[in-house]
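All remarks here apply to the structure that follows.
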Amino acid sequence: MSALAPTPAGAGPDRKAASPARGTVIALSRRPQPRFNLKRIGIGLAQSVLPPLVVLALLVGLWQLLCSAPDASLPSPATVWEQSRDLIVSPFFDNGSQDIGLGWRVLVSLQRVAYGFGLAAIVGILLGAVIGQSIWAMRGLDPIFQVLRTVPPLAWLPLSLAAFQQAGPSAIFVIFITSIWPVIINTAVGVRNIPQDYRNVAEVLRLNQVEFFFKIMLPAAAPYIFTGLRIGVGLSWLAIVAAEMLTGGVGIGFFIWDAWNSSRLPDIIVALVYIGVVGFILDKLVAFAARIITRGAATN
Amino acid sequence: MTAYLKLDHIDKHFDRGGSRTEVLKDINLTIDKGEFVSIIGHSGCGKSTMLNLIAGLTKVSAGAVLLENREVNAPGPERAVVFQNHSLLPWLSVYDNVNLAVTKVFGATKTKAEQHDWIMHNLDLVQMAHARERRPSEISGGMKQRVGIARALAMEPKILLLDEPFGALDALTRAHLQDAVMEIHARLGNTMVMITHDVDEAVLLSDRIVMMTNGPAARIGEVLSVPIPRPRDRIALAADRTYLKCREAVLKFLYERHRFVEAAE
């Protein structure tokens, strides 16, 4: 679908009408419109923001109630705020080696995800294109992929460590291998669904393989590819935390493991919120890119 | 005079799972340069297959397609196709859809500026220059088909193949486009082969009408010349004796001698 920018009602024509000669007449009719718009925007915001805020407040309240007993095994929100305030209020402090803000840690993790997922996207789209084009590649590879894609991220880690002998590349490989499957499978389906009409156009024009890939295949399969990428980025964010827990380093995943080992439960809770929010933003980013890039590709 | 396009003893069958479907049997046809030939027949008679054979999108089972005495067995821009459902790429603007064809065909021989002029020239031919920045989803069915024609013309084809180009359009739009095609044919003198199931369209546009028998194993039943001088005007023709006679001949062929039987499969 083409998502065209909606024209804000009112603002444009109204300003033109405001000629100084007729100021007195227009003054009354001009004021209600922007106010009405502001109100509409306000209502829209309230409708989308208020309900989650209310639910969040209720949940935190409930949590506080449940965990405020002196013998509670988990920290209450108040305890979290007291003990981990520095982590919450300043994400980017840097006191040397392991004493740094969660923002820095998230950035390190994001960098790993960028390598692993970027690689998975490129390899996945290429492999998916080959598989989608060739019925025999599909028959041969699809069952294997369907089995491999169910292997959990952590299960790859020992093999990965053994193969690369280093924590950094192993973590990136785990992200790669976790997030590549949905990209491959969705791209293959997208390529298989390219209408014969487009293929005929390509044939009449005698497009070669490379031209066909860039000019027909990628745009035609883009909606499918982005579905795969969106699932993939989610999986890679799942994998980074798991991988960093074991490989160590500076990332957010290792931070959780470290906090657990030194019994800093409030810190873990803060880190969970960070991970959740970043994962949410990643998902929305890919969705946004998909909306921009696939404009018009789905409609015919 | 040697034929420009020649279909020489063509057979076409499809094999699927051990069973063979005969689609076309012993097709012989020669088409001269600049001629407008329509192929008409009931649905399922293989007329689209025949166009795909000429386009090279489908391979012949026996026989050969000869263009200027050279065999063609693969698609190419010298046999441009106007597809039934326009087949514009929805992610490209009108201009870019034509541009795709122009850069591919003339990328090596024309400069960028010449390519641009050529694209605009072809969009002008079909009166679509005003919509060059629109995407296919933003223009009407008739406009899409115009762009499809512009894209095909922009390949500067030796033969323009039209596969039921106006089938999906309403009657008024169809009339407009038929006039546009006639005008282009008059101006450029292209050789055109058109698939249609519309008798009036066939008579109005064609120099000759190729009538197909029913499938399976369809053959060319009859070839009718339409000796009406050009330019033709649809309103004047409505009462023209030659026009009416041609129309009657095609109707008789289709509905008396080769009546479509649904159970013929």
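Top to bottom, those sequences are chains C and X. When the first sequence is numbered by UniProt numbering, its final residue is 300 and no position is left out of the sequence of numbers. When the second sequence is numbered by UniProt numbering, its final residue is 265 and no position is left out of the sequence of numbers. Built from N, CA and C at the ideal position, the CB exists for glycine as well.
| Check | Outcome |
| --- | --- |
| Classification of Pro227(X) by the beta-carbon crowding that lies within 10 angstroms, buried from 16 upward | exposed |
| Environment of Ala220(C) [buried if 16+ CB atoms lie within 10 Å] | buried |
| Cβ contact check for the stretch 160–178 of chain X and the stretch 194–210 of chain X: 3 or more pairs under 8 Å | yes |
| Residue 326(C) versus Asn261(C), Lys215(C) and Val189(C), residue with shortest Cα-Cα distance | Absent from the structure is residue 326(C), since the part of chain C shown begins at 1 and ends at 300. |
| Rounded straight-line distance, which links the Cα of Ser61(X) to that of residue 272(X) | Because chain X spans 1 through 265 in this model, residue 272(X) falls outside it and cannot be assessed. |
| Chain C contacts made by the stretch 117–139 of chain X, where a contact means CB separation under 9 Å | Arg135, Pro136, Ser137 and Glu138 |
| Neighbour flag for Lys39(C) against chain X, beta carbons, 8 Å | no |
| Exposure of Gln209(C), with buried meaning 16 or more beta-carbon neighbours within 10 Å | exposed |
| 6 Å CB neighbourhood of Leu67(X) in its chain, flanking five on each side removed | Leu5 |
| Proximal residues to Pro266(C) (C-beta, below 7 Å), its chain only, five neighbours per side dropped | Pro75, Thr79, Val80, Gln83 and Ser84 |
| Cβ shell of Glu78(X) (< 6 Å), same chain only, five flanking positions each side left out | Pro157 and Lys158 |
| Range of the contiguous alpha helix (DSSP H) that encloses Gly142(X) | Gly141 to Ala154 |
| Rounded Cβ spacing between Asn99(X) and Leu88(X) (contact assumed at less than 8 Å) | Not confirmed; about 12 Å, so no contact. |
| Cβ of Ser87(X) within 8 Å of any chain C Cβ | yes |
| Any C-beta of chain X under 8 Å from that of Ala289(C) | no |
| Minimum Cβ-Cβ distance from Ala81(X) to chain C less than 8 Å | The sequence given here has Val at residue 81(X), not Ala. Yes, Val81(X) lies at the interface with chain C (some Cβ there is under 8 Å from its Cβ). |
| Helix, strand or coil at Met211(X) according to DSSP, with G and I counted as helix | strand |
| Reduced DSSP category for Asp170(X) - H, G, I as helix; E, B as strand; rest coil | coil |
| For Ser87(X), the three-state DSSP class (helix, strand or coil) | coil |
| Short-range partners of chain X found in the stretch 184–207 of chain C, where Cβ spacing is below 7 Å | Asp197, Tyr198, Asn200, Val201, Glu203, Val204, Leu205, Arg206 and Leu207 |
| Beta strand (DSSP E) segment containing Met128(X), residue limits | Run containing Met128(X): none; DSSP gives neither H nor E here. |
| Residue-level contact to chain C via CB, Leu5(X), 8 Å cutoff | no |
| Cα-Cα separation between Ile256(C) and Val55(C), rounded to whole angstroms | 26 Å |
| Simplified DSSP assignment, three categories, for Ala186(X) | helix |
| Length of the line joining the Cα atoms of Gly128(C) and Val183(C) | 7 Å |
| Which listed residue (Trp91(X), Ala74(X) and Val102(X)) has its alpha carbon closest to that of Asn200(C) | Ala74(X) |
| Outcome for Gln145(X) when other beta-carbon atoms lying within 10 angstroms are tallied against a minimum of 16 | buried |
| Residues of its chain near Arg230(X), where Cβ-Cβ distance is below 7 Å and the 5 sequence neighbours each way are ignored | Ala186 |
| Pick from Leu119(C), Arg291(C) and Pro158(C) that is closest to Glu244(C), judged by C-alpha positions | Pro158(C) |
| C-beta neighbour in chain C for residue 284(X), strict 8 Å | This structure cannot settle anything about residue 284(X), because the visible part of chain X is limited to 1 through 265. |
| Chain-ordered neighbours of Pro165(X) on chain C, where CB pairs are closer than 9 Å | Residues of chain C passing the Cβ test: none, with the nearest at roughly 14 Å. |
| Interface partners of Lys215(C) on chain X, CB under 7 Å | Leu100 |
| Min CB distance Ile219(C) to chain X below 8 Å | Per the sequence presented here, residue 219(C) reads as Pro, with Ile not at that position. By this cut-off, Pro219(C) is an interface position. |
| Residue of Gly41(X), Cys45(X) and Ile10(X) minimising C-alpha distance to Thr30(X) | Ile10(X) |
| Contacts of Leu57(X) in chain C (Cβ-Cβ under 8 Å) | Asn200, Glu203 and Val204 |
| 8 Å Cβ cutoff, Lys110(X) in contact with chain C | no |
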